[in-house]
Amino acid sequence: MTPQELRAFCLSFDAVVEDFPFRPEISVFKVGGKMFALSWTDERPLKVNLKCDPEDAVRLRTEHPGLIAPGYHMNKRHWNTVTADGGLPDRLVRELIEDSYDLVVAGLPRAERLRLDRP
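Using this note's numbering, the first residue of the sequence shown is number 18, and each one after it goes up by one.
Here it is as structure tokens:
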């Protein structure tokens, strides 16, 4: 997955905005004002921090050592750092991004969730 593909995929979800609160080369993708993905677009390999169910987070790290690690500068129980342009299939990276988005949406107030097209 390229940085452009990662950005386009993140922006394809409902009500997503891209922000640069840290530096211009760090993209933060939010829904309802809450972050679901953070990526260092100018670094290689391309990495993205994604929210994850705590049990899934540990399992994914075990199944993909070196490619999925505890979230860099994040709550390591709920976030993973995923190498997006390495040995992981693009399909898996897309699924992890979608799962992260869904987790954040599920935590939004009911009124905000209802405004989104996704359940």
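Where is the CB? At the ideal position from N, CA and C, for every residue including glycine.
| query | result |
| --- | --- |
| When we look at the beta-carbon of T39 and count the other beta-carbons within 10 Å, is it buried (16 or more) or exposed? | Residue identity check: residue 39 is Phe in the sequence provided, not Thr. When all chains shown are included, F39 counts as exposed. |
| Assuming contact is defined by CB atoms lying nearer than 8 Å, are C69 and L77 in contact in what I supplied? | yes |
| Do you know offhand how far A32's Cα is from G83's? | 32 Å |
| Quick check: the Cα distance between L67 and V45, rounded to an integer number of angstroms? | 11 Å |
| For the region 30 to 113, which segments carrying the alpha helix (DSSP H) assignment without a break, of at least 4 residues, lie completely within its bounds, in sequence order? | 71 to 80 |
| Just to confirm before moving on: does the CB-CB distance between I85 and V75 stay below 8 Å? | no |
| Check this for me: beta carbons of M18 and D107, under 8 Å apart or not? | yes |
| Could you check where the alpha helix (DSSP H) with P20 kicks off and where it finishes? | P20 to L28 |
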